[in-house]
Each structure stands twice: as structure tokens, then as C-alpha cells.
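Student:
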Amino acid sequence: MTTRTQTTLTETQRGPAERLLDVVLGGSAHLWHHRPGLDVAGTWVAAAHADAKAQARGRKVAPGLFVPAAVKLYGQLLELYRLNPTLMAHFASYALTQTDWRDLKVATCALMLVQEHAGLPVRDGQGQVAFHDDDFRAIGEAMVLHYVRRSTRMLTPKAVLRVAELLETPEIARLNRAAGFGDPASRKPPLGRWKRVAQKWLAAREANLPMLQGLVKAGYKETLKKLARKAGYKPASQGFFEVLGWKQKQADAGHRQVGLHGLTLVKRERFDGLSEAEICEWIELERLSYKEVVGRLPKDVGLTPAILAALLPSLSDRDLRLMTPTLEELGLLQEPDVKARWERAVSRATDQRSLNIAKNVRGEDLRRKLEEASDNAARQAVAEATAEADVRVMFLIDKSGSMEGAIEQSKEALSRILAGFPLDKLHVAAFDTMGTVLQPKAANRTAVQHMLAGLKASGGTVHGAAVHALHRAGVRIPEEAKLVVMVVGDEAGEAGDQFARAFRGCGYTVAAMALLVNVAGARGNTVRTGASQLGVPFSEVSVGQFADPYQVPRVLQALMDAPRVAGASQSGWVDRVMSTPLLKVA
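For any residue, its number in our numbering is found by taking its place in the sequence shown, counting from 1, and adding 861.
#1: Shortest alpha-carbon distance to R1384 belongs to which of F952, T1187, S1403?
#2: From the DSSP secondary-structure annotation, give me the bridge partner or partners of D1312.
#3: At the level of alpha carbons, what is the spacing between H910 and E1273?
#4: Would you tell me roughly how many angstroms separate the C-alpha atoms of D900 and L1036, rounded to the nearest one?
#5: Between the C-alpha atoms of R1148 and S1215, what's the straight-line distance to the nearest angstrom?
#6: Do V885 and L941 have their C-beta atoms closer together than 8 Å?
#7: Quick test of your reading: L1489 and L1169, contact by CB under 8 Å. State the CB separation rounded to the nearest angstrom.
#8: Say whether the segment 1237-1245 touches the segment 1326-1337, bearing in mind that this needs 3 or more beta-carbon pairs closer than 8 Å, one atom from each stretch.
#9: Drop a sphere of 10 angstroms on the beta-carbon of N1237, count the other beta-carbons inside from all chains shown, and report buried for 16 or more, exposed for fewer.
#10: If you count every other CB in all the chains shown that lies within 10 Å of the CB of E1130, and 16 or more means buried, which is it?
#11: Check W893 in the structure and name its three-state DSSP category.
#12: Taking the CB atoms as reference points, tell me whether H895 and A930 lie closer together than 8 Å.
#13: Assuming the contact rule is C-beta atoms closer than 8 Å, K820 and V1207 should be a hit. Round their C-beta distance to whole Å, please.
#14: Report all residues from its chain with a CB closer than 6 Å to the CB of L1073; omit the five preceding and five following residues, and keep chain order.
#15: Assign F856 to buried or exposed, taking buried as 16 or more other Cβ atoms, counted over all protein chains shown, within 10 Å of its Cβ.
#16: Taking its Cβ as the centre, do 16 or more other Cβ atoms sit within 10 Å of V1438, making it buried, or is it exposed?
#17: Should A1210 and R1182 be called a contact, given that it needs their Cβ atoms to be closer than 8 Å?
#18: Would the C-beta of P1398 count as close to the ligand ATP, meaning under 7 Å from any of its heavy atoms?
#19: Among L1146, L1395, G1224, L944, whose alpha-carbon lies nearest the alpha-carbon of A1040?
#20: Which residues in the same chain have their Cβ closer than 7 Å to the Cβ of R963, if we skip the five residues on either side of it in sequence?
#21: In this structure, how does DSSP classify T866 when only helix, strand and coil are distinguished?
#22: So, are the CB atoms of L974 and R920 less than 8 Å apart?
#23: I1258 to E1139, Cα distance in whole Å?
#24: How is L1420 classed by DSSP in three states: helix, strand or coil?
#25: How many Å lie between V1009 and N1069 at the Cα?
#26: Beta-carbon within less than 7 Å of A971's beta-carbon, same chain only, minus the 5 sequence neighbours each way: which residues are those?
#27: Taking the straight line between their C-alpha atoms, what separation do you get for S1432 and A1419?
#28: Considering Cα atoms alone, identify which of T947, V1346, Q1109 is closest to A878.
#29: Would you mind stating whether G1391 and A1342 have Cβ atoms separated by less than 8 Å?
#30: Can you tell me the Cα-Cα spacing of G1396 and L1299, whole angstroms?
#31: Let me check understanding here. Comparing Cα to Cα, which of F997, V983, R998 lies closest to A991?
#32: Taking its Cβ as the centre, do 16 or more other Cβ atoms sit within 10 Å of L1188, making it buried, or is it exposed?
#33: Of all the alpha helix (DSSP H) runs that stay within the bounds of the segment 1288-1350, which reach a length of 4 or more residues?
#34: Helix, strand or coil: which one does DSSP assign to F1282?
#35: If you measure between the beta carbons of S1261 and D1293, is that distance less than 8 Å?
#36: Which residue marks the beginning of the alpha helix (DSSP H) containing S954, and which one marks its end?
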């Protein structure tokens, strides 16, 4: 269930709104890593791909939660909560129901479960209950219990467990105690309502054994056991233990009553002694998943084309994209049905991880298709952000002499994002003291790279020159459309009021302005001052954020949301967050 609350931010709330944008634009919210890494000045770097400089400066970290990133993100969320609890409540609801940011869902849920607004009674001067405080902890509960069949926008068993793991991290526990969310003298970390809601979550699955069986088939068996232990869950029937294959023994105190006798445990047998055909038949008969099969295969059989083909129905689109090198090696992408299914998965990509996967395939056609997946993720993000309005975009690229040493990074960032825009609504110009209009031959990564290839850093810096160049080329913005301007560079140049006059002189009405910061030397303030002169929202993000394959679609959505009301100084994306209904426990 959901409920709507006031959605308009007042001018006094600009601080929290700006901090909210910082959370999205300034960090990837990627906290858990499944491979060894290095801590390089608070940034996680994959150990296998670290260069010599990173290896020399970095500290080895094991797979799992990267604490520096967790402390940074949680600290940002905590500061946002302190400034505006209502905005934080809407952001938590938005993070769960409107995004695929898995680690951000965990962090926001953790904060909502422990923060101080818990619906407690507020008494008047006579000691009588006058009213009850807001119960924002209920939003944290609703995040855990939220269920939509076949949706990816709910917490997985692993995410529910990670909420507790995050809250138990000593550095996070210290932040919560300092904020007054727990007993400062207690050695135990504040968990708020986590145990209670985790028990509710498990009880709902026990009451629906097919749902529990589905989680086991999806590979969550051990996660469910850990979750039950940590939450202190007491199952109501033996069926819970039987589905998990979880043998029980009496506790030292002798208080256990369920699961001690008569358990029928289904042991997961290996496929030793079975032929490839028999294994495939077993997979189809039992509808086994990839995770259930891969650890049971005999060494003399291994993962063959036939076995993987039998497992394809259990693989998600994301699994198929990740397994592209394996599908290529086994020759399965030569099969028309498999190729068609894989191409559908590519067309539905929501992140740009395919660019990394493309490095591990041999075929040029496959590499090109994977790059298409990256473009598709950007297109989807732009389409979602512009669904409610006709939005036109100007990209102004600084190629002045101050960009020497940084221009190549600008090109790489732009190659990841420009292909996401419809060509008829995209206007690009580079500038030094003169503006040059650029136009990709097609809406894909290759065409963007070709368009940018000739850019070299030289000359002075006049941002307005790019605006005038577009106007001379005949670019006109329909009156009913919203114009979002994105500048790529170090912001050093002419005075901001001069930049603003360039738009006014050309008859362009700007709805929002953003800066993709790429600094080789000194940093200026032309763009932010220009936005202030025009009275429009200003956002900035480092081009380094576009190296994260998961961050690109998120940043595009936040930057592309122009204000819904003409002349508003608030980001349209913040307005979208505030209009998200607050989650409630059904």
C-alpha cells in the first residue's frame, strides 16, 4: 500500500535537495564486491586489473562489503535525514520502487529501520497522549516486505541479510549511535526493527512453501539459513527445514520443538555416473537452475553445449549477457534460437557492463552487439527521464587549451552517453574561442567516437561560442519543449553572465543546466554562475562517474529530469523523488 504526501519543496529545503543530488551524482552506491580488491585512498579497485601505481598505493581488501564506500554513502544519507527526514523517506521509497540500485536499496532500508521517528506517542503538558510521531521505521519495514511477482524492484534474500550486515559494521554502528539511534553505552549495534521484519519476511515465505522452494531453486538456500539464524526465526512447521534441507538438533537448553524428528530431507546429489543426455533430461524434468547444476557436474563431463542449452530457460537476461564469452566458446550463439534469445537480452540492458564483457569475446559481431547493449541502457535511461515532456539537449564540449590532458576522458564519457539520445533532439557543439557544431552519423557508440575523434585541446575558452554556433546552424527549440544544457569541461572561461546572455540572445529558454566536470588544471565557475543568472537548476557530476557501468543510466536520469514547472530552481529529478508515494506495510 502507498500514500501520498506533500510533494513541493520550499526554498528553505534547497540544502537537502542539493545533498540528495550529491548522493546520486557523486557516488555509484556500489558497496559489495565479489572479488579481491584494493583500497586506493578510499576507492575500490579490482585487484586483477589494478595498474602498478594502484598496487603500490593500495591496501588489499577481501571480497565483500567495502567499508569506506559504505561509510561515505551511509554518512551522506544520514546527513540528508538530519536535514529533512521527509525527503529521506521519499528517497527510500523511490530507491526501492523506481530504481535497480541494489546497494542503495540496502543502505536506505537500513537507515529507515533504525532512525528515530518510530511512531512513539507525544504527550502534552498533563502527560496525556496528544498524538503519535511519524513512523518512518514502517517505511523500512515496507521496503523489506514489498513484493511484486517477477519484479526486480524488491529486496532479495541476500539484500535483506545485507541490511543487517551493514548495520552491524562497527563504523556504521558508530554513526548510528552518534545520531542517537541506539544506546551509546551498548556494545550491540543498533538494528532497529530489522529482526522483527526479517522474521515477518521469513514467516511469509514459510506460509507459502512454493515461494520458499523457488528461492531455494534460485540459489538462496544458504542465504535463507543465515537469515533465519541472524533473525532468531522460529519456524512453525517442519516443512521450512525440509525445503532448506536443514538438519536440526536440540539446543543445550532443550527448548526446541519443531524439526527435531521425522524430517524428510532431500539431499542434493551430484551427477556423477550420469551421461550428458541423462543430465539434460534431469535438468528438464526437475527444471533445475544454473546454480543448482554447475556444482554437481562430473569432472569428466563438465559444462557442455547441450547442458548449457538445457539450462537457458533458467537464465535471466542479465545472466545471458554476463555469460556471452561462455556462450561463444561453446558455439551456442550459432544456434538461431539461442542467438535470438541473447539478442533480446542485449536489447533490454539496463547497465553498461557489456562494455567490459566485450573485451572478453573474440567475434567482432558479438563485440559490436555488446556495445549496442551499452547504448540501449543509455537510451532506456533517457527515455524514462523524458517520458513526461518533450526534452531537447545541448552538449557543449570544452576543447580549449586548458583541457590538454583531459580531452580524451571527455571523449570516453561522451561515447558512453550520447548514443542514448534521439538524434532529432540532440545538439552538440565543441568550443574554444570559436564554436563548431558536431553531429553523429548514427545513434550508436561507434558513430559518437568517430564524431569526437578529431577534437584536440587548443585555444581560449568561450562557452557562449558553442551556443551561437548552434544557433547559426539553424537549431531552434520548440516553445513547448524543455531545453537541458550539459557542459563538459573544467568550467573555466568567460563570466557567467556573459554565458547566460548567449542563450538569451539566441532565443533559447533553458530549463536546467549541468556540468560534467573534467579538470586537468584549474577549475572555473562559468556554468554555475550562468545557471544562477538564468535562474535554472544546476547540477554537476565528475566524468569519472561514467567509468562505472552501473552509474551511467542513473546519472543520466537525474540530469535529464528538467523541472516540471517552468522557471523552477529545483531539479526535476528531486521533484520526481518527492512525488514518489511513501511505502506502507500492507
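Quick reminder that beta carbons are idealized off the backbone N, C-alpha and C, glycines included.
Tutor: Based on what the coordinates show:
#1: S1403
#2: Per the sequence shown, the amino acid found at residue 1312 is Met instead of Asp. DSSP output for M1312 lists no bridge partner at all.
#3: 19 Å
#4: 21 Å
#5: 28 Å
#6: no
#7: Missing from the structure shown is residue 1489; the chain here goes from 862 to 1447 and no further.
#8: no
#9: buried
#10: exposed
#11: strand
#12: no
#13: What is shown of the chain runs 862 to 1447, which leaves residue 820 out entirely.
#14: R1066, V1104
#15: Not covered by the structure: residue 856. The range shown for the chain is 862 to 1447.
#16: buried
#17: yes
#18: The ligand ATP is not among the ligands present in this structure, which contains no ligands whatsoever.
#19: L944
#20: A1020
#21: Only weak support is given to the placement of T866: the predicted model assigns it a pLDDT of 37, under 50, and the question is left unresolved by the model.
#22: no
#23: 60 Å
#24: helix
#25: 15 Å
#26: V1024, L1027, L1028
#27: 8 Å
#28: T947
#29: no
#30: 28 Å
#31: V983
#32: buried
#33: 1306-1313, 1324-1333
#34: coil
#35: yes
#36: 946-959
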